[in-house]
Amino acid sequence: LQNKNYTVKTLNLLAENSVPADARTVIIAGPVKPLSPAEVGILNQYVQQGGSLIIMEDPIPLTDFGDAPDPLAESLSQAWGIRLRNDFVVDTASTTIQNAIGATYNPTHPITNAMTLVTIFPLARSIEVSAQPTESITLTSLVETDPNSQAWGETDFTPLEQANASVSLDPADTPGPLTLVAAGENTTNMGRVVVFGNSVFATDEGFDAFGNG
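Counting from 92, one number per residue, gives the positions in the sequence shown under this note's numbering.
See the structure below:
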């Protein structure tokens with residue numbers, strides 16, 4: 092981002108109690124602990140004033156969330172109709188089934204209309220794009236698993252803890268194709284969000300893989 096002439100800074104929402112007025116976007120990349128309701132309130136105010144959020148939340152077992160509430164995910168669901176499912180994606184299109192393959196891109200959205208290479212999302216959670224909560228909000232599924240291969244949202248996290256544990260599509264799971272990235276735009280206040288069910292794809296180790304960068 093700095094090579095593209097952006098200034099990148101960390102932001103302590105509780106200390107600052109606001110988002111800088113000149114911020115083009117706020118990125119929440121792989122939070123290990125839930126954001127507080129106060130922090131989520133600051134972010135919501137920022138978006139309502141035309142701000143932009145990029146949110147990358149990993150499957151809960153990869154975090155320290157435990158059974159604690161997730162105010163940020165709850166806000167996304169209520170305000171935007173974008174729900175981060177409590178699962179992890181199993182994708183038979185990958186040689187490593189716990190790596191979700193972003194194989195289908197939305198050709199009508201400016202974020203994905205030029206994408207050609209597949210994207211690898213190691214240990215991702217799936218996203219549900221539900222009905223838009225208001226007429227002013229436009230929702231878009233940006234990246235999905237391959238509709239011609241079997242992928243599902245697995246709700247049994249045992250395979251993440253035991254390497255030899257078997258995994259299969261059960262009634263409690265969500266069958267694919269699955270949304271891996273979703274976007275929302277409020278046409279009234281021009282606020283925008285982009286939500287990823289994964290942050291690992293953007294780490295240094297994953298950035299050079301296929302279309303990840």
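No residue lacks a Cβ here, since even glycine has one placed at the ideal position from N, Cα and C. Note that the coordinates shown come from a computational prediction; the quantities given were computed from them, not determined experimentally.
- In this structure, Pro-224 lies near Ala-170, with their beta-carbon atoms less than 9 Å apart.
- Between Ala-114 and the set Val-123, Val-99, Ser-127, the nearest pair of CA atoms involves Val-99.
- Per DSSP, the beta bridge partners of Ala-274 are Thr-231, Val-285.
- In the DSSP assignment, Ile-133 falls outside any beta strand (DSSP E) and within the unbroken alpha helix (DSSP H) covering 128–139.
- In its chain, beyond the 5 residues on either side, Asn-190, Val-291 have a beta carbon closer than 6 Å to the beta carbon of Pro-213.
- Ile-188 carries a coil assignment under DSSP once its states are collapsed to helix, strand and coil.
- Taking Asp-161 as reference, the option from Lys-124, Gln-253, Thr-186 with the minimal CA-CA separation is Lys-124.
- The C-beta of Ser-232 has 16 or more other C-beta atoms within 10 Å across all chains shown, which makes the residue buried.
- For Ala-205, same chain residues with a beta-carbon under 6 Å away, outside a window of 5 residues either side, do not exist.
- Taking the C-beta atoms as reference points, Asp-178 is found nearer than 9 Å to Pro-150.
- With distances taken between CA atoms, Thr-294 lies nearest to Asn-303 out of Asn-303, Val-286, Gly-288.
- When DSSP states are grouped into helix, strand and coil, Phe-212 belongs to the strand group.
- For Tyr-97, same chain residues with a beta-carbon under 8 Å away, outside a window of 5 residues either side, are Arg-115 in chain order.
- With contacts defined by Cβ atoms closer than 9 Å, Leu-104 and Ala-129 form a contacting pair.
- For the pair Thr-195 and Phe-287, the Cα-to-Cα distance works out to about 15 Å.
- When Leu-153, Ser-227, Thr-154 are compared, the shortest CA-CA separation from Arg-283 is found for Ser-227.
- Residue pairing by DSSP places Arg-174 opposite Glu-219 in a beta bridge.
- Here the segment 131–146 does not lie against the segment 243–263, with fewer than 3 beta-carbon pairs under 8 Å apart.
- Ranking Thr-279, Phe-248, Asn-277, Leu-126 by CA distance to the CA of Leu-153 puts Phe-248 first.
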